[in-house]
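Colleague:
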Amino acid sequence: MATPILVPPVYSSPQPLKVSLWLTHAGESVATGDRVVELLIPGVTFDVEAPCAGTIISCECQPGMEVTTGMILGWIEPLDSETESDWNTED
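Under this note's numbering, the final residue of the sequence shown carries the number 91; numbering is consecutive throughout.
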């Protein structure tokens, strides 16, 4: 089951957030915590991280779109639990 990439609650002002740049694209693999998309708040740029390891399957919001907290930016197809535990081992 796909996992959403959400706009995090980072800013309490009514200023709009905008999608600046996708740092990864559909079909690319990511690890938990990898930077996947860059958002802009007037005067500030910040990155949204992958909520899980897997493959980006879609980017729903394109650069220039205004977004709000909790909005779905894209989707990740997570690794199965066996593969994910192998991915995160620290040997």
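The beta carbon of each residue, even a glycine, is placed where N, CA and C say it ideally should be.
Who are the near neighbours of T45 in its chain, counting only those whose CB is closer than 7 Å to its CB and skipping five residues on each side?
Modeller: Here residue 45 refers to the residue found at position 45 when the sequence shown is read from its first residue. Within the same chain, T45 has close Cβ partners S20 and E38.
Colleague: Give the straight-line distance between the Cα atoms of L17 and L6, rounded to the nearest whole angstrom.
Modeller: For the purposes of this step, residue 17 is taken as residue 17 along the sequence shown, with counting starting at 1. For the purposes of this step, residue 6 is taken as residue 6 along the sequence shown, with counting starting at 1. Whole-angstrom Cα-Cα distance: 13 Å.
Colleague: Output needed for H25: all residues of its chain with C-beta closer than 8 Å, excluding positions within five of it in sequence on either side, in chain order.
Modeller: Working through the sequence shown from its first residue, we reach residue 25 at position 25. So the list reads I56 and C59, once near-sequence residues are dropped.
Colleague: Measure how close the beta-carbons of L180 and V48 come, nearest whole angstrom, since I'm counting them as under 8 Å.
Modeller: What the structure shows of the chain is the stretch from 1 to 91, and residue 180 is not part of that stretch, so it cannot be assessed.
Colleague: Going by DSSP, what residue range makes up the beta strand (DSSP E) through T68?
Modeller: As a working note, residue 68 is residue 68 in the sequence shown. Run containing T68: none; DSSP gives neither H nor E here.
Colleague: Out of I41, P51, P9 and L23, which one is the CA nearest neighbour of A2?
Modeller: Working through the sequence shown from its first residue, we reach residue 2 at position 2. Checked all of I41, P51, P9 and L23; the closest Cα to A2 is P51.
Colleague: Looking at C-alpha atoms only, which residue of G64, V67, P42 and D34 is the closest neighbour of I76?
Modeller: Taking the first residue of the sequence shown as 1, we reach residue 76 at position 76. If we check each option's Cα against that of I76, D34 comes out closest.
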